[in-house]
């Protein structure tokens, strides 16, 4: 998922966040609700926002869903732009550069 950090807020690109689909995959819908439950803002057609206070929970959640094997790596890894000088240590296990 494309990500960026501005003023200690992590933004997940709106096109990369999971969508809820009634009658869809239980894992994908659970992933959607798990990510949404800790988001500071998760409005349709806008980037989702995560304050630094929840980054630890976000990292654990992404790692857990990644290890489950039901979702692809691109769906559970934070991809930062090369202009992001430093990835916070707490997010490094679940992050890379684009």
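Residue numbers (my numbering): 460 to 557. Using N, Cα and C, we set each Cβ at its ideal position, and we do this for glycine too. Predicted model only: the values in this text are computed from it and were never measured.
From the DSSP secondary-structure annotation, give me the bridge partner or partners of residue i.
i           : result
residue 508 : 470, 500
residue 465 : 468
residue 555 : 538
Please report how far the alpha carbon of residue i lies from the alpha carbon of residue j, in whole angstroms.
i           : j           : result
residue 497 : residue 535 : 15 Å
residue 557 : residue 489 : 26 Å
Can you list, in chain order, the residues of its chain whose CB lies under 7 Å from that of residue i, leaving out five sequence neighbours each side?
i           : result
residue 475 : 460, 461
residue 513 : 497
Enumerate in chain order the residues of its own chain whose CB-to-CB distance from residue i is below 6 Å, with the five nearest sequence positions on each side excluded.
i           : result
residue 486 : 529
Beta strand (DSSP E) segments (min. 3 residues) lying fully within the stretch 522 to 548: 537 to 539
Meets three-Cβ-pair contact criterion under 8 Å: the stretch 507 to 516 and the stretch 531 to 545: Below 8 Å, too few C-beta pairs join the stretch 507 to 516 and the stretch 531 to 545 to call them touching: fewer than three.
Given 8 Å, three or more beta-carbon pairs between the stretch 517 to 525 and the stretch 476 to 484: no
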